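**Student:** Numbering (our numbering), first residue to last: 50 to 353.
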Amino acid sequence: MKHMLSFQIDVPEPFRFSENLNYLSRSPNECLYQIRSDRIYRALPVQGSAVVMDVGADADGQAIAVRLLGDPDSPVDQLQLQAQAEAYVREWFDLDTDLAPFYEQAEADPLLGKAIKAFYGLRLIGIPDLFEAISWGIIGQQIHLGYAYTLKRRLVEAYGHSVEHEGNTYWLFPKAEDIARLEVQDLQPLRMTVKKCEYLIHTARLIADGSLTKQQLMNAGSLKLAEKRLVSIRGIGPWTAHYVLMRCLRMPDAFPIDDVGLHNAIRHLQGMDRKPTKAEIMELSSRWSGWEAYATFYLWRFLY
DNA sequence: GTCCAGGGATGTG
DNA sequence: CACATCCATGGA
50 MKHMLSFQID VPEPFRFSEN LNYLSRSPNE CLYQIRSDRI YRALPVQGSA
100 VVMDVGADAD GQAIAVRLLG DPDSPVDQLQ LQAQAEAYVR EWFDLDTDLA
150 PFYEQAEADP LLGKAIKAFY GLRLIGIPDL FEAISWGIIG QQIHLGYAYT
200 LKRRLVEAYG HSVEHEGNTY WLFPKAEDIA RLEVQDLQPL RMTVKKCEYL
250 IHTARLIADG SLTKQQLMNA GSLKLAEKRL VSIRGIGPWT AHYVLMRCLR
300 MPDAFPIDDV GLHNAIRHLQ GMDRKPTKAE IMELSSRWSG WEAYATFYLW
350 RFLY
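1) Determine the burial state of GLU213: buried for a count of at least 16 other Cβ atoms within 10 Å of its Cβ, exposed for fewer.
2) For ASP302, does the three-state DSSP call read helix, strand or coil?
3) Enumerate, from N- to C-terminal direction, the unbroken alpha helix (DSSP H) stretches of 4 or more residues contained entirely within the region 112-186.
4) Do ILE228 and LEU255 have their CB atoms nearer than 8 Å?
5) To the nearest angstrom, how far is it from the Cα of TYR208 to the Cα of GLU156?
6) Flag this pair as yes or no: are the beta carbons of ILE84 and SER76 separated by less than 8 Å?
7) How is GLU79 classed by DSSP in three states: helix, strand or coil?
8) Hey, GLY339 and PRO301: beta-carbon distance below 8 Å or not?
9) Look at the Cβ atom of LEU348, then the Cβ atom of ILE306, and state whether they are nearer than 8 Å.
10) PHE64 by DSSP, collapsed to three states: which one?
11) Just reading off the beta strand (DSSP E) that GLY105 is part of, what are its end residues?
12) Any chance you could list the alpha helix (DSSP H) runs of at least 4 consecutive residues sitting entirely within the region 206-289, in chain order?
13) Report the partner residues of TYR198 according to the DSSP bridge assignment.
14) Which two residues bound the contiguous alpha helix (DSSP H) that contains PHE346?
15) Does DSSP classify MET50 as helix, strand or coil?
Next up, the structure:
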């Protein structure tokens, strides 16, 4: 029997584990975590190695219960390991954001009012790794979500690392360094467009050589400046930039206004027979000021 | 086979 | 900065 470490994380209101689990369950083709019996299993990178972690609700639903299964290949201090896992989960589930102001603001808005009732306790699930977040943005451009998951799976299974535990395989997203070494023809078997292959490799090289970092974006000084830095990179337009700032940098006012899913959600909720115009979206979203990222994330939930 | 989709790039004003 | 046009490929 391998050593197992478990601990709990207190959660701030509003939080409901089941809502977040629902979100994470939306794609059967997801390859970076698995859901079994209301627990989420995934590999967690630790110091050049990886452990398998699972996350669930504790018995009375007042906390998140985390378990680390098996041991990393290299000896790691247990307390340090727990700290890393806790930090990861806090970031993943956005536990350090006080959502009360968002909920207060949402009450007064017809669209968001419905959203916070329907998805009470949902957190903006993050993509902490910058390379993964940008890659997911690039992969997801211009294609249906289902196909995007297929492409991601091919990329992960071709170039990611995996850990085995009790007969299951857990994959980690490829490191930028691993993609930086590739040429376009290496990625072509995955069947994404040549452009996307170029974009992924180029971004991987920027991250691998240190000229693009999360810290740099965090310190950019404003959403606008961070967006400008990202958009200066080939393959990253306004939609991808805001998507990354929302899911990875967690900027609350990041707003992928061109997102077709957002448009469809608005059309659906407003009972419109056409997509809203940009002017209509800007009018609606003026009431979400400062919380555009959460507003978008909640409205997306109406689509699945 | 035809057409559209949903983003980014590029070029023009 | 806004706007138009082209792109490449999957899906209906």
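Don't be surprised by glycine CBs; every beta carbon is placed ideally from N, CA and C.
Remember, predicted model here, so these are calculated numbers, not experimental data.
**Tutor:** Taking the geometry as given:
1) GLU213 comes out exposed.
2) DSSP, reduced to helix, strand and coil, places ASP302 outside both helices and strands of the structure shown, so it counts as coil.
3) List check, alpha helix (DSSP H) in window: 127-141, 149-156, 159-167.
4) Contact: no.
5) Near 45 Å, if we compare the C-alpha coordinates of GLU156 and TYR208.
6) Going by C-beta atoms, ILE84 is not nearer than 8 Å to SER76.
7) Secondary structure at GLU79: coil, using DSSP grouped into helix, strand and coil.
8) Contact flag set, yes.
9) In this structure, LEU348 keeps its C-beta atom at 8 Å or more from the C-beta atom of ILE306.
10) In the displayed model, PHE64 falls within coil according to three-state DSSP, outside both helix and strand.
11) Going by DSSP, GLY105 is part of the beta strand (DSSP E) stretching over 98-106.
12) Taking only runs of at least 4 residues, the alpha helix (DSSP H) segments lying wholly in the region 206-289 are 225-229, 233-236, 243-257, 263-267, 272-280.
13) Answer is none; TYR198 lacks a bridge partner.
14) Annotation: the continuous alpha helix (DSSP H) that includes PHE346 extends over 341-349.
15) With a pLDDT of 44 at MET50, under the threshold of 50, the modelled position of that residue is not reliable, and no figure is offered here.
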